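Going down the list, the sequences are from chains A and B. Per our numbering, numbering through the first sequence is continuous, rising by one, with the last residue being 464. Per our numbering, numbering through the second sequence is continuous, rising by one, with the last residue being 464. Cβ coordinates follow ideal geometry from the N, Cα and C atoms, glycine included. As the structure is a computational prediction, the values presented were derived from the model and not from experiment. Scroll down for the structure; my scribbles are underneath it.
2 protein chains.
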Amino acid sequence: MKKLLTTICALVPLIGTVKAQEFTPTQIQQVKQVTELALDSDLSWQLLESLTSEVGPRLPGSENDKKAVEWAKQQFEQLGFDKVWLEPATFPNWRRYRESGTIITPSKQPLHLTALGNSIGTPKEGLTAPVVMFETLDELIAAPKGSLENKIAFVNYRMNRHIDGNGYGPAVRARNTGAIEAAKKGAIAYMMRSVSTSHHRFAHTGNSRYKDGVSKIPNTAIANPDADQIERLLNAGHAVSVNINLQTEDLGEGTSYNVIAEITGSDAPQQYVLIGGHLDSWDLGTGALDDGAGVALTMAAATHIKQIARPKRSIRVVLFAAEELGLWGAKAYFKQHADKLDNIVAAAESDFGADVVYGFESSVSANSLPVVRAIAEQLAPLDIKYVRANNAHGGPDLIPLRQATNAPIFALHQDGTDYFDYHHTADDTLDKVDPDKLKQNTAAYAVFAMMAANAKTTLTGKNP
Amino acid sequence: MKKLLTTICALVPLIGTVKAQEFTPTQIQQVKQVTELALDSDLSWQLLESLTSEVGPRLPGSENDKKAVEWAKQQFEQLGFDKVWLEPATFPNWRRYRESGTIITPSKQPLHLTALGNSIGTPKEGLTAPVVMFETLDELIAAPKGSLENKIAFVNYRMNRHIDGNGYGPAVRARNTGAIEAAKKGAIAYMMRSVSTSHHRFAHTGNSRYKDGVSKIPNTAIANPDADQIERLLNAGHAVSVNINLQTEDLGEGTSYNVIAEITGSDAPQQYVLIGGHLDSWDLGTGALDDGAGVALTMAAATHIKQIARPKRSIRVVLFAAEELGLWGAKAYFKQHADKLDNIVAAAESDFGADVVYGFESSVSANSLPVVRAIAEQLAPLDIKYVRANNAHGGPDLIPLRQATNAPIFALHQDGTDYFDYHHTADDTLDKVDPDKLKQNTAAYAVFAMMAANAKTTLTGKNP
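Spelled out as structure tokens, the structure:
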């Protein structure tokens with residue numbers, strides 16, 4: 001025991017030395033200051049409140065999307081960022097005008113539904129047909145060819161609830177390609193249980209696609225209680241027919257803008273920490289959790305860093321355009337900056353609501369790990385655990401970055417247990433965000449970004 | 001201490017004697033049997049599932065309302081009730097066809113709203129006007145005459161959550177007469193925060209009225225998150241205008257039917273215990289909590305009594321028509337039976353969802369209280385407390401009975417803490433009912449009705 005203590009005591013100064021090499025005592029003091037400032041400030045809340053109320057829903061290409069771009073630019077300027085600029089991104093411009101559904105037989109009743117993004121519309125009076133139910137997409141894929149002629153295919157797959165949202169991937173398969181598989185079997189429309197853990201009567205929208213050579217059919221999700229209802233009626237032996245009425249439009253190519261702002265670094269301004277979220281949202285809710293929160297908290301985190309001290313490297317906040325329709329802003333950004341991606345010393349996107357950050361994870365080179373551990377140590381007082389797997393993904397808008405380069409990627413894992421109760425529904429509104437949790441998120445991003453920008457060692461990706 | 005014990009011991013046989021006078025040991029045994037049967041059976045769930053799925057929403061006068069009447073009659077017959085019959089009731093026949101809302105300025109976004117029952121419609125393109133907000137109905141009443149010309153009056157009163165639903169009364173004032181008060185000040189439409197404790201995006205409908213000599217204006221409730229949104233925008237200094245589009249119709253007088261069924265008593269068949277609920281529902285949800293549960297659990301409770309033993313007095317289940325539009329079925333029933341109301345030896349309506357029954361309360365004469373206490377004793381194993389106030393109201397459809405006569409009224413108090421999260425919204429669906437709690441409710445009604453029917457003493461009202 002005595003020997004162990006001696007060993008520990010011998011190691012302590014060494015650990016101190018490593019830390020001292022990466023961060024000066026003043027820098028560590030600044031981390032504590034930015035934590036306090038972020039936990040005390042309601043800047044992120046004010047930004048989120050303003051964006052979700054004064055702009056509201058922000059479907060790419062819509063009037064509100066333009067307002068959101070203008071809003072973000074003005075806010076960055078008023079917050080005193082050193083540089084603020086826009087970069088264009090194009091995307092398939094799609095609109096939802098009206099939508100409604102009705103169970104026709106065995107008894108007429110409302111059917112709460114929503115068009116999936118990119119869905120074609122129905123005739124003006126809608127489209128009525130019998131429903132054929134499948135428990136999974138694979139069951140639909142296994143259906144005999146032609147077996148769904150003049151039918152509506154209904155995939156009734158239930159999403160699982162989990163803190164890290166791992167139920168989403170398996171469930172979203174049926175959204176991405178369900179309409180294609182249904183059309184292959186002759187169905188005239190596709191309908192799915194919402195990719196959602198909610199038991200409230202909200203249908204969950206989200207992107208979907210068609211395939212060349214396969215007919216495009218109307219593509220819709222129904223609220224979970226409505227999926228239960230149809231399941232009960234079918235299980236009771238009733239023939240169930242429904243009317244689906246979707247009025248949508250494909251407007252061709254649209255243009256929006258990534259809104260980018262920078263706190264310029266004092267020592268290596270060309271190197272930067274990239275944080276951000278996506279500025280667009282679905283049209284049903286006001287995009288508070290998805291992704292107003294990510295926008296607001298990263299804007300506020302960078303502002304708080306600037307309020308404490310100019311960082312050595314730059315902090316760049318990127319508010320991506322048109323994420324919901326297929327990461328179009330992210331694709332444009334990483335293409336536009338393709339020859340300078342090495343300048344990114346750390347990247348993290350917040351796009352998973354604003355429940356507490358419970359874990360911090362990197363995806364970096366071995367010689368970057370001491371910096372990561374030092375950051376984790378400063379995040380611990382915020383009740384954030386260090387996830388040592390070193391396998392962070394870092395948010396959907398970083399997918400093109402991961403695909404293009406070996407960048408140092410970070411994740412501040414938010415508790416997603418309830419996220420899919422609201423995600424992509426009309427119920428994603430400001431009241432679903434807890435102001436105190438939003439502050440904790442802001443503090444976490446401020447600590448991470450400040451330290452990644454100030455570390456002596458320049459962070460590098462996992463496989464250099 | 002010894003003296004106290006002696007006194008208690010001396011009293012025990014006396015209490016035993018009182019009970020023995022009211023109920024035979026066999027009857028007490030039957031109460032235990034009906035409790036077990038009700039807790040074990042899923043009859044009430046099956047009835048509720050069938051009504052809310054196979055019939056669905058049941059707006060008075062609608063096609064589904066007719067189906068519900070037919071459904072109830074058939075179910076009663078299949079369940080083996082001794083008599084089943086219909087009695088007509090007329091009511092003002094009103095329909096909601098379509099409705100939508102939009103915040104127009106400062107930023108276009110959806111406004112989740114619903115027409116209040118009896119509301120006139122708007123022009124086809126809706127009606128757009130600036131919003132003037134009041135915190136309470138009284139503030140609106142205090143507004144200067146003419147001050148709301150060409151405006152939409154908005155009462156933003158927040159309902160309180162409480163186990164006994166006591167927040168409903170104060171909140172519902174703004175629904176009953178808000179449109180009248182708004183029109184008096186010149187408003188062209190009335191809009192209110194939903195009479196609801198929900199933070200989800202569901203607007204709460206409910207009945208409302210107009211007044212002769214005051215213009216009828218469109219009358220609507222908005223979902224609570226939407227009320228928050230408008231409040232924030234107004235508080236931030238924005239002029240807020242909204243478009244309200246209600247397509248409704250007054251169809252004149254409609255007719256529906258109270259569905260009545262009886263288990264005929266062996267000794268005094270003309271005397272009866274009245275239990276029931278209302279068969280109609282609003283059109284938005286499927287009326288699971290309001291009041292499918294009350295219908296299903298009282299039908300099942302009477303059935304279970306019959307399965308154990310024929311009661312001395314009759315058990316009559318009354319499924320009232322058109323409650324939501326103004327207690328029209330109840331008014332018709334108590335008018336139709338006006339000369340025989342003395343035959344009612346106990347009356348209780350279940351119309352407050354299906355969360356656990358936590359309290360049992362009477363409104364009876366002093367000499368009926370020993371029976372009440374004996375019933376309370378048999379309800380205690382179901383975790384139901386005896387509420388000694390002897391001031392039960394007994395459900396909305398018993399209001400005409402209370403007004404007409406001094407009847408023995410009972411309440412089986414359901415926990416209403418969450419009831420107004422769902423009540424009168426699209427979200428009042430089967431999944432909001434807990435099957436085990438529904439069984440507890442069914443058992444409570446079975447015990448109460450069986451004992452009230454079998455007691456030696458005929459129960460009488462409070463002030464004979």
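What residues in its chain sit with their C-beta under 8 angstroms from that of residue 6 of chain B, if we drop five residues either side in the sequence?
-> Counting from one through the second sequence, the residue named residue 6 of chain B turns up at place 6. Confidence is the limiting factor: at residue 6 of chain B the pLDDT is only 46, short of 50, which leaves the residue's position unreliable, though a coordinate-based value still follows. Sequence-distant Cβ neighbours of residue 6 of chain B in its own chain, meaning closer than 8 angstroms and more than five residues away, do not exist here.
Please decide whether residue 297 of chain B counts as near chain A, where near means a Cβ-Cβ distance under 8 angstroms.
-> Translated into positions along the second sequence, residue 297 of chain B becomes position 297. With 8 angstroms as the cut-off, residue 297 of chain B does not count as an interface residue toward chain A.
Where DSSP assigns a beta bridge to residue 94 of chain B, which residues make up the other side?
-> Within the second sequence, residue 94 of chain B is the residue found at index 94, counting from 1. BP columns for residue 94 of chain B point to B:250.
Assign residue 85 of chain A to buried or exposed, taking buried as 16 or more other Cβ atoms, counted over all protein chains shown, within 10 Å of its Cβ.
-> Numbered from 1 along the first sequence, position 85 holds the residue referred to as residue 85 of chain A. By the neighbour-count rule (16 or more Cβ atoms within 10 Å), residue 85 of chain A is not buried but exposed.
Of all Cβ atoms in chain A, is any one closer than 8 angstroms to the Cβ of residue 112 of chain B?
-> Within the second sequence, residue 112 of chain B is the residue found at index 112, counting from 1. By the rule that beta-carbons nearer than 8 angstroms mark a contact, residue 112 of chain B touches chain A.
For chain A, find out if any of its Cβ atoms is closer than 8 angstroms to the Cβ of residue 108 of chain B; answer yes or no.
-> Numbered from 1 along the second sequence, position 108 holds the residue referred to as residue 108 of chain B. With 8 angstroms as the cut-off, residue 108 of chain B counts as an interface residue toward chain A.
Inter-stretch contact (C-beta, 8 angstroms, three-pair minimum) for the segment 148-163 of chain B and the segment 267-279 of chain B = A contact is defined here as three or more CB-CB pairs under 8 angstroms, and the segment 148-163 of chain B fails this definition with respect to the segment 267-279 of chain B.
Counting only runs of 4+ residues fully inside the segment 360-389 of chain A, write out the alpha helix (DSSP H) ranges in chain order.
-> Within the segment 360-389 of chain A, the complete alpha helix (DSSP H) runs of at least 4 residues are 369-379.
Alpha-carbon spacing of residue 81 of chain A relative to residue 108 of chain A, whole angstroms = Numbered from 1 along the first sequence, position 81 holds the residue referred to as residue 81 of chain A. Numbered from 1 along the first sequence, position 108 holds the residue referred to as residue 108 of chain A. One C-alpha to the other measures close to 57 angstroms.
Give the single residue among B:354, B:389, B:87 and B:364 whose Cα lies nearest to the Cα of residue 428 of chain B.
-> Along the second sequence, read from residue 1 onward, the residue named residue 428 of chain B stands at position 428. Of the listed residues, the one whose Cα sits closest to residue 428 of chain B is B:354.
Taking 7 angstroms as the line, does the beta carbon of residue 185 of chain B fall inside it for any heavy atom of the ligand SAM?
-> This structure lacks the ligand SAM; in fact it carries no ligand of any kind.
If you follow the beta strand (DSSP E) that residue 196 of chain A is part of, which residue opens it and which one closes it?
-> Residue mapping note: residue 196 of chain A aligns to position 196 of the first sequence, counting from 1. The continuous stretches of beta strand (DSSP E) do not include residue 196 of chain A, and DSSP gives it neither H nor E.
Between residue 333 of chain B and residue 276 of chain B, what straight-line distance do the alpha-carbon atoms span, to the nearest angstrom?
-> Taking the first residue of the second sequence as 1, we reach residue 333 of chain B at position 333. Taking the first residue of the second sequence as 1, we reach residue 276 of chain B at position 276. Residue 333 of chain B and residue 276 of chain B: Cα-Cα distance of roughly 12 angstroms.
For the segment 52-68 of chain A against the segment 322-336 of chain A, are there 3 or more C-beta pairs whose distance is under 8 angstroms?
-> At 8 angstroms Cβ cutoff, the stretches touch.
Going along the chain, which residues of its own chain have a beta-carbon closer than 7 angstroms to the beta-carbon of residue 400 of chain A, five neighbours each way excluded?
-> One-based indexing of the first sequence puts residue 400 of chain A at position 400. So the qualifying residues of the chain are 327, 330, 331 and 334.
Quick one: what's got a C-beta closer than 7 angstroms to residue 406 of chain A's C-beta in the same chain, skipping five residues either side?
-> In the first sequence, residue 406 of chain A corresponds to position 406, counting from 1. So the qualifying residues of the chain are 461, 462, 463 and 464.
How about residue 383 of chain A: is its C-beta nearer than 8 angstroms to some C-beta of chain B?
-> Stepping through the first sequence from its first residue, residue 383 of chain A is reached at position 383. At a cut-off of 8 angstroms between beta-carbon atoms, residue 383 of chain A makes no contact with chain B.
Checking contacts by CB at 8 angstroms: is residue 436 of chain B closer than that to chain A?
-> The residue you call residue 436 of chain B lines up with position 436 of the second sequence. Cβ-Cβ to chain A under 8 angstroms: no for residue 436 of chain B.
Cβ of residue 246 of chain B within 8 angstroms of Cβ of residue 52 of chain B?
-> Walking along the second sequence from the start, residue 246 of chain B turns up at place 246. Walking along the second sequence from the start, residue 52 of chain B turns up at place 52. Contact flag unset, no.
Closest Cβ-Cβ distance between residue 258 of chain A and chain B: below 8 angstroms?
-> One-based indexing of the first sequence puts residue 258 of chain A at position 258. No, residue 258 of chain A lies away from the interface with chain B (no Cβ there is under 8 angstroms from its Cβ).
Residues sharing a beta bridge with residue 219 of chain B, DSSP | Position 219 of the second sequence, counted from the first residue, corresponds to residue 219 of chain B. Note: residue 219 of chain B sits in a beta bridge opposite B:190.
Show which residues of chain B have a CB atom less than 8 angstroms away from the CB atom of residue 33 of chain A.
-> Working through the first sequence from its first residue, we reach residue 33 of chain A at position 33. Residues of chain B passing the Cβ test: none, with the nearest at roughly 31 angstroms.
So is residue 340 of chain A in contact with chain B if we call contact Cβ pairs under 8 angstroms?
-> On the first sequence, residue 340 of chain A is found 340 positions in, with the first residue counted as 1. Judged by the 8 angstroms Cβ criterion, residue 340 of chain A is not in contact with chain B.
Residue 29 of chain A touches chain B at which residues, Cβ-Cβ below 7 angstroms?
-> On the first sequence, position 29 is the one that residue 29 of chain A refers to. Residues of chain B passing the Cβ test: none, with the nearest at roughly 37 angstroms.
If you compare alpha carbons, which of B:419, B:375, B:158 and B:430 is closest to residue 447 of chain B?
-> As a working note, residue 447 of chain B is residue 447 in the second sequence. Considering only B:419, B:375, B:158 and B:430, the residue with the shortest C-alpha distance to residue 447 of chain B is B:375.
With 8 angstroms set as the bound, which would you pick, yes or no: does the beta-carbon of residue 176 of chain A sit closer than that to a beta-carbon of chain B?
-> Locating residue 176 of chain A in the first sequence gives position 176, where the first residue counts as 1. Residue 176 of chain A is outside the set of residues whose beta carbon lies under 8 angstroms from a beta carbon in chain B.
Can you tell me where the beta strand (DSSP E) with residue 349 of chain A in it begins and where it stops?
-> By one-based count along the first sequence, residue 349 of chain A stands at place 349. Annotation: the continuous beta strand (DSSP E) that includes residue 349 of chain A extends over 344-349.
Validate contact between the segment 129-149 of chain B and the segment 259-266 of chain B using beta carbons, cut 8 angstroms, 3 pairs = Cβ pair count under 8 angstroms is below three, so no.
For residue 299 of chain B, does the three-state DSSP call read helix, strand or coil?
-> Within the second sequence, the letter at position 299 stands for residue 299 of chain B. Note: residue 299 of chain B maps to helix in three-state DSSP.
Near residue 157 of chain A, what residues of its chain come up, given a Cβ to Cβ distance below 7 angstroms and the 5 sequence neighbours on each side ignored?
-> In the first sequence, the residue the question calls residue 157 of chain A occupies position 157. Scanning its chain for C-beta atoms nearer than 7 angstroms, with the 5 sequence neighbours on each side dropped, one finds around residue 157 of chain A the residues 135, 136, 137, 171, 174 and 193, in chain order.
Chain B contacts made by the segment 54-77 of chain A, where a contact means CB separation under 9 angstroms = Result list: 54, 55, 56, 57, 62, 63, 64 and 67.
Runs of alpha helix (DSSP H) lying entirely within the segment 14-100 of chain A, each at least 4 residues, in chain order = Runs of the alpha helix (DSSP H) inside the segment 14-100 of chain A: 25-40, 43-50 and 63-78.
Could you please tell me which residues of the segment 227-249 of chain A, in chain order, have their CB closer than 8 angstroms to any CB of chain B?
-> Contacts with chain B (Cβ-Cβ distance below 8 angstroms) from the segment 227-249 of chain A involve 228, 229, 232, 233, 236 and 238, listed in chain order.
Test: residue 123 of chain A CB closer than 8 angstroms to a CB of chain B = Position 123 of the first sequence, counted from the first residue, corresponds to residue 123 of chain A. Residue 123 of chain A is outside the set of residues whose beta carbon lies under 8 angstroms from a beta carbon in chain B.
Could you name the residues of chain B that residue 468 of chain A contacts, counting a contact when the two beta carbons are closer than 7 angstroms?
-> Since the first residue shown for chain A is 1 and the last is 464, residue 468 of chain A is missing from the structure and cannot be characterised.
Chain B contact residues for residue 286 of chain A, given Cβ-Cβ distances below 8 angstroms = The count along the first sequence starts at 1 and reaches residue 286 of chain A at position 286. Within 8 angstroms Cβ-Cβ: 109 and 229.
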